[in-house]
Amino acid sequence: MIRSLKQEGVSVVYISHRMEEIFTICDRITVMRDGKSVDTKPIPDTNFNEVVKKMVGRELTERYPTRHPKPGEPVLEVKGLSSKSRFEHVSFTVRAGEIVGVSGLMGAGRTEMMRAIFGLDSLDSGEVWVRGKQVQIKKPDDALRHGIGFITEDRKDEGLILDFSVRENMALPNLFSFSERGFISGKKEKEFVDSLIKRLHIKTHSSETLARNLSGGNQQKVVIAKWIGIGPGVLILDEPTRGVDVGAKREIYQLMNELTERGVGILMVSSDLPEVLGMSDRILVVHEGRITGELDGADATQEKIMTLATGGQ
Numbered sequence: 142m143i144r145s146l147k148q149e150g151v152s153v154v155y156i157s158h159r160m161e162e163i164f165t166i167c168d169r170i171t172v173m174r175d176g177k178s179v180d181t182k183p184i185p186d187t188n189f190n191e192v193v194k195k196m197v198g199r200e201l202t203e204r205y206p207t208r209h210p211k212p213g214e215p216v217l218e219v220k221g222l223s224s225k226s227r228f229e230h231v232s233f234t235v236r237a238g239e240i241v242g243v244s245g246l247m248g249a250g251r252t253e254m255m256r257a258i259f260g261l262d263s264l265d266s267g268e269v270w271v272r273g274k275q276v277q278i279k280k281p282d283d284a285l286r287h288g289i290g291f292i293t294e295d296r297k298d299e300g301l302i303l304d305f306s307v308r309e310n311m312a313l314p315n316l317f318s319f320s321e322r323g324f325i326s327g328k329k330e331k332e333f334v335d336s337l338i339k340r341l342h343i344k345t346h347s348s349e350t351l352a353r354n355l356s357g358g359n360q361q362k363v364v365i366a367k368w369i370g371i372g373p374g375v376l377i378l379d380e381p382t383r384g385v386d387v388g389a390k391r392e393i394y395q396l397m398n399e400l401t402e403r404g405v406g407i408l409m410v411s412s413d414l415p416e417v418l419g420m421s422d423r424i425l426v427v428h429e430g431r432i433t434g435e436l437d438g439a440d441a442t443q444e445k446i447m448t449l450a451t452g453g454q
């Protein structure tokens with residue numbers, strides 16, 4: 142459609158974080174950083190690495206940080222999970238220190254599986270085991286109690302309360318950790334929030350800034366921060382870098398590496414195939430509510446994933 146409009150003489154201003162789209166569609170590119178125009182160039186006169194460097198203000202040597210996984214004992218096992226008309230007979234294991242990618246076409250049932258594991262949606266049958274013990278998860282409180290965190294794909298409607306401050310959003314799942322005799326310790330809460338803002342490099346004027354006033358990348362970091370605060374053994378990330386710039390993506394990837402080095406097991410649902418290939422130690426592929434295959438991250442390709450995602454073998 143955009144190409145047709147160009148041929149008709151229509152000028153198009155195309156705003157996107159997706160480099161592949163920019164380099165395919167556009168004739169010129171203007172890079173902005175911190176509210177200022179940094180550079181404008183014809184597309185043939187630049188490249189991906191140069192654009193990324195100008196966007197983040199520094200050199201990014203690798204798109205995806207190098208991983209050195211050392212998987213430990215299982216931290217999450219699901220056995221025969223089924224939910225009528227959404228998914229059936231789902232079984233897999235996540236080990237301490239590894240990232241398990243979950244790939245598939247839109248509507249395949251990936252998100253529905255994750256929501257059910259976290260207790261947001263009901264299950265008809267199946268078992269969930271955490272660190273070798275069978276557990277009952279009927280609501281998110283149960284998942285939290287067993288050390289499972291969940292970063293939703295929809296940060297604005299489900300991941301954040303936009304009219305709450307950064308501090309309030311981060312504190313919500315963690316109030317128990319800085320409560321004393323039924324009262325919240327303001328000092329402990331401030332130390333907790335300030336440490337996460339620093340650790341995740343969240344750009345905000347203060348912890349009292351409303352979440353709605355942050356950039357997409359910083360909003361996503363706040364969502365991740367509040368779940369890191371519970372000290373999860375398992376972290377489910379649904380579309381962790383959707384709608385964030387390349388600099389924020391890189392920081393989120395580095396954080397994922399840091400968490401796995403500490404023994405956290407990560408389940409990452411993503412529609413971005415390069416992201417799945419770049420960050421996953423193992424990849425589960427979902428088609429029509431079933432896991433149709435598991436690939437080793439080192440041997441996986443886009444072609445193999447798409448074959449399984451469309452029902453092939």
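In this text, residue positions in the sequence shown follow our numbering: the first is 142, and each later residue adds one. In this text, a Cβ means the ideal position worked out from N, Cα and C, and glycines have one as well. Computed from a predicted model, the values in this text were never measured in an experiment.
> In its own chain, which residues sit with a C-beta less than 8 Å from the C-beta of Leu146, not counting the 5 before and 5 after it?
Replying inline: Within the sequence shown, numbered from 1, the residue matching residue 146 stands at position 5. Once the five neighbours on either side are set aside, the close Cβ partners of Leu146 are Val153.
>> Buried or exposed for Glu455, going by 16 or more other Cβ atoms inside 10 Å?
In response: In this structure the chain extends from 142 to 454, so residue 455 is not present and cannot be described.
>> DSSP has Glu268 in a bridge; who is on the other side?
In response: Along the sequence shown, one-based indexing puts residue 268 at 127. The partner list for Glu268 (beta bridge, DSSP) reads Lys220.
> Taking the runs of the beta strand (DSSP E) that are 3 residues or longer, which of them lie wholly in the region 398-440?
Replying inline: 406-410, 423-428, 431-437
>> Checking 8 Å against the spacing of the C-beta atoms, do Gln361 and Ile338 come in under that value?
In response: Taking the sequence shown and counting its residues from 1, the one referred to as residue 361 is at position 220. Taking the sequence shown and counting its residues from 1, the one referred to as residue 338 is at position 197. Contact: no.
>> Under 8 Å: do the region 373-385 and the region 286-294 share three or more Cβ pairs, one atom per stretch?
In response: yes
> Quick one, are the C-beta atoms of Asp304 and Leu351 less than 8 Å apart?
Replying inline: Here residue 304 refers to the residue found at position 163 of the sequence shown. Here residue 351 refers to the residue found at position 210 of the sequence shown. Yes.
> How do the region 352-372 and the region 249-265 stand: do at least 3 beta-carbon pairs fall below 8 Å, yes or no?
Replying inline: no
>> Is it buried or exposed, Ile407, if we count other Cβ atoms within 10 angstroms and call 16 or more buried?
In response: As a working mapping, residue 407 is identified with position 266 in the sequence shown. Flag for Ile407 reads buried.
>> If I measure Cβ to Cβ from Gly260 and keep anything under 8 Å in the same chain, skipping five residues before and after, which residues do I get?
In response: Within the sequence shown, the letter at position 119 stands for residue 260. So the list reads Ile278, Lys279, Lys280, Pro281, Asp282, Asp283, Ala284, once near-sequence residues are dropped.
> Name the DSSP bridge partner or partners of Gly290?
Replying inline: For this step, residue 290 is matched to residue 149 along the sequence shown. Gly290 pairs with Leu376.
> Which residues in the same chain as Ser326 place their Cβ atom closer than 6 Å to its Cβ, once the five residues preceding and following it in sequence are excluded?
Replying inline: Taking the first residue of the sequence shown as position 1, residue 326 is located at position 185. Phe319.
> Taking Ser244 as the reference, which of Thr451, Leu425, Asp437 has the closest Cα?
Replying inline: Against the sequence shown, residue 244 aligns to sequence position 103. Comparing Cα positions, the closest option is Leu425.
>> Comparing C-alpha positions only, which one of Glu402, Arg403, Gly430, Asp437 sits nearest to Gly419?
In response: Here residue 419 is taken as the residue at index 278 of the sequence shown, counted from 1. If we check each option's Cα against that of Gly419, Asp437 comes out closest.
> Can you tell me the Cα-Cα spacing of Gly404 and Ala237, whole angstroms?
Replying inline: Position 263 of the sequence shown holds residue 404. Position 96 of the sequence shown holds residue 237. Computed Cα separation, rounded: 5 Å.
> For the putative contact between Thr451 and His428, defined by C-beta atoms under 8 Å, what is the C-beta separation to the nearest angstrom?
Replying inline: Stepping through the sequence shown from its first residue, residue 451 is reached at position 310. Stepping through the sequence shown from its first residue, residue 428 is reached at position 287. About 7 Å separates the two Cβ atoms, so the contact holds.
>> Once the 5 residues before and after Pro215 are set aside, which same chain residues still bring their CB inside 6 Å of it?
In response: Indexing the sequence shown from 1 puts residue 215 at position 74. If we look at Pro215 and ignore the five residues flanking it on each side, its Cβ neighbours are Thr234, Arg236.
>> Less than 8 Å between the C-beta atoms of Val271 and Gly250, yes or no?
In response: What you label residue 271 is simply residue 130 of the sequence shown in a count that begins at 1. What you label residue 250 is simply residue 109 of the sequence shown in a count that begins at 1. In this structure, the beta-carbon distance from Val271 to Gly250 does not fall below 8 Å.
> At what residues does the alpha helix (DSSP H) containing Ile143 begin and finish?
Replying inline: The residue you call residue 143 lines up with position 2 of the sequence shown. For Ile143, the uninterrupted alpha helix (DSSP H) run begins and ends at 143-148, by DSSP.
>> Looking at the strands, I want to know which residues DSSP matches up with Ser244.
In response: Reading the sequence shown from its first residue, position 103 is the one you call residue 244. For Ser244, which the question treats as bridged, DSSP gives the partners Val426.
> For Lys390, which of helix, strand or coil comes out of DSSP?
Replying inline: For the purposes of this step, residue 390 is taken as residue 249 along the sequence shown, with counting starting at 1. Residue state, collapsed to three classes: helix.
> Under a three-way DSSP split, which group does Ile163 fall into?
Replying inline: Working through the sequence shown from its first residue, we reach residue 163 at position 22. If DSSP states are grouped into helix, strand and coil, Ile163 belongs with the helices.
>> According to DSSP, is Glu253 part of a helix, a strand, or is it coil?
In response: Counting from 1 along the sequence shown, the entry for residue 253 is found at position 112. Helix.
> Ends of the beta strand (DSSP E) at Arg459?
Replying inline: Residue coverage of the chain in this structure runs from 142 to 454, which leaves residue 459 outside it and unanswerable.
> Under 8 Å between the Cβ atoms of Ile156 and Arg169?
Replying inline: Taking the first residue of the sequence shown as position 1, residue 156 is located at position 15. Taking the first residue of the sequence shown as position 1, residue 169 is located at position 28. No, Cβ-Cβ distance for Ile156 and Arg169 is not below 8 Å.
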